[in-house]
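In this note's numbering, the protein residues as written are 10 to 337.
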């Protein structure tokens, strides 16, 4: 006979379900646990998040907090404790408008989460790069359809967005929406720190939803910082050099080279964009460059290098081939 699921078991299964990574055995366990309760669909509250990924992030955070509370609160019976945790999680799942028919269909959205002290580089389907900071979560669907490229953020991340004038890149973080076409910037919105946006390259539009239903907008230019100052006010300032270094710390974003060999630059390109760079012409090994390539896409980075020296490049099956007469 299967032992009752503990609060930690429930939390783990719920997280895997939200990520669409349940095994067949885990799926059966989760379904059996769910079927102990009445199947019913509940409508979402009026203030529910506008996107499915954001709903999932909030659900996961609340599930984990409920389980944590159950583990730290003394109870008389272990059985009662497990049922209390189960009921709490079930309520959260049902409140999101989910019911048993969806459990057998892995969600299309992808979720990436970091723990304390952990950083993660995520390359999105459009080749945009997200440097996810500690204790943060992003959720996104495929970017192959028409319309906007949408992503939901809880925590902090540095974004390098691939330019696409036909498909704006939109980030939803709580009451804040960040909209760009192609640029690099850092977004922070945590429970302990106010919303803050630091733009490194390009121009960014920030929109905040106010309690009375109105919305306020602010454009942010390169090397500017926008910070929430109170409930309804946004403060725009020039970003200090130290702040630029702080938001890019621990990432491979900085690509500012001073008299660096092409071989070393190729290695940095490979590490940043998850590609293999192969120098096919020995004469290219003599080349040294001074250039700031920070915030550029892979293709644009190679184009800028090629314009600086006698070099051609070819992208083929995840590999970058560099050729040309190079430098004497």
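Cβ coordinates follow ideal geometry from the N, Cα and C atoms, glycine included.
If you look at residue 330, you'll find it in the beta strand (DSSP E) that goes 328 to 332.
Distance between residue 305 and residue 241, taken at the CA atoms: about 34 angstroms. Selection 127, 141, 19 evaluated against residue 133 yields 141 as nearest (Cα-Cα). Around the C-beta of residue 217, 16 or more other C-beta atoms lie within 10 Å, and the residue is accordingly described as buried.
Under the criterion of beta carbons closer than 8 angstroms, residue 207 and residue 195 qualify as touching, at roughly 5 angstroms.
Approximately 7 angstroms separates the beta-carbon atoms of residue 199 and residue 165; this is inside 8 angstroms, confirming the contact. Just so you know, the alpha carbons of residue 220 and residue 183 end up roughly 13 angstroms apart. For residue 273, the enclosing alpha helix (DSSP H) begins and ends at 271 to 282.
By a beta-carbon distance limit of 8 angstroms, residue 137 contacts residue 170. Their separation comes to about 5 angstroms. Going by C-alpha positions, residue 214 is about 5 angstroms away from residue 188. Contact between the region 236 to 252 and the region 266 to 286 is absent: fewer than three C-beta pairs spanning the two stretches fall below 8 angstroms. Only buried fits residue 122, as 16 or more other CB atoms lie within 10 angstroms of its CB. Residue 185 sits away from residue 168, with the two beta carbons spaced by 8 angstroms or more.
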